[in-house]
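In full-length UniProt numbering, the protein residues as written are 1 to 206.
Where a beta carbon is used, it is the ideal one built from N, C-alpha and C, also for glycine.
First up is the structure itself, then whatever we jot down about it.
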Amino acid sequence: MTEQGNERLAPVTYLPWAAPSEGSEGAAHGVAERPRPPADEGDGVDETGLERDDRIDRLIVSRLRRSSLSVSEVRAILIEHGLDEGEVEEWIERYARLGYLDDRRLAEQLVHSHGVRRGRGSGAVLHELGRRGIEDELAREAIDTLDPDVEFEHALLIAERRARQLGGLDRRVAERRLSAFLMRRGYGSDLVRRAVAAALDGDDAE
């Protein structure tokens with residue numbers, strides 16, 4: 001194959017948190033330049049295949065610098081910018097090989113940020129993983145890393161804070177409101193019952 005027929009994708013800009021595996025290619029994976037339609041007479045814009053690749057690559061890297069992206073999210077960007085199915089999968093494979101895409105790592109990050117730091121229930125975290133396009137199997141594996149005791153402690157803390165705002169209400173009314181509040185935050189029904197009972201019992205004892 002001649003050099004002209006073997007244009008290469010624009011190199012991916014280095015991202016400090018990405019960790020390419022040993023021996024992975026630092027340069028782009030070679031692809032042929034996409035045939036270009038004849039430019040209309042007077043049209044001042046004539047983007048070559050390499051220029052297109054560089055533009056799309058810069059866009060994706062810019063977004064990766066702001067926040068991690070899932071494979072599904074990057075795929076949507078590539079499709080939006082006109083790449084065909086074969087090109088999309090080649091780009092996805094390349095970003096994954098260089099360490100820039102890793103849905104398992106992203107799922108673990110989301111579980112930590114939403115479940116541990118923000119105190120969301122496992123149901124809410126699972127919904128967020130699905131919204132980001134994480135495959136169901138990977139999502140459930142990540143959810144399984146949540147410590148049930150820690151999740152209960154988070155739910156109890158939230159319930160206790162909320163219970164202080166419900167002072168003076170009938171016990172049953174307070175239970176309904178607290179339960180609805182916790183379930184909206186993604187906590188399961190059994191955990192909600194335990195947390196609500198503990199929070200209200202503690203509030204009554206004060």
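- Residues in its own chain within less than 6 Å of A142 by CB, not counting five upstream and five downstream? Closer than 6 Å at the Cβ level, and outside the excluded window around A142, lie A107, E108, V111.
- Can you give the beta carbon distance from G186 to A124, rounded, assuming they're within the 8 Å contact cut? 2 Å
- Message: Once DSSP output is grouped into helix, strand and coil, what is the label at G168?
- Response: coil
- Task: Throw me the rounded Cβ distance for the S72 and G133 pair, which I believe falls under 8 Å.
- Result: 3 Å
- Task: Kindly confirm or deny that the segment 177-186 and the segment 144-163 touch, where touching means at least three C-beta pairs closer than 8 Å.
- Result: yes
- Query: Where does residue 237 sit, in a helix, a strand or coil, going by DSSP?
  - Reply: The requested residue 237 is not part of the displayed model; the chain covers only 1 to 206.
- Who are the Cβ neighbours of L156 in its own chain at under 7 Å, not counting the five residues just before and after it? A195, A198, A199
- Quick one: Cα of L182 to Cα of R97, how far? L182 and R97: Cα-Cα distance of roughly 41 Å.
- Test item: CB-CB of G99 and I158 under 8 Å: Against a cut-off of 8 Å, the Cβ pair of I158 and G99 comes out as no contact.
- C-alpha gap between G188 and F152, whole angstroms: 10 Å
- Which of the three DSSP states, helix, strand or coil, is assigned to H81? H81 carries a coil assignment under DSSP once its states are collapsed to helix, strand and coil.
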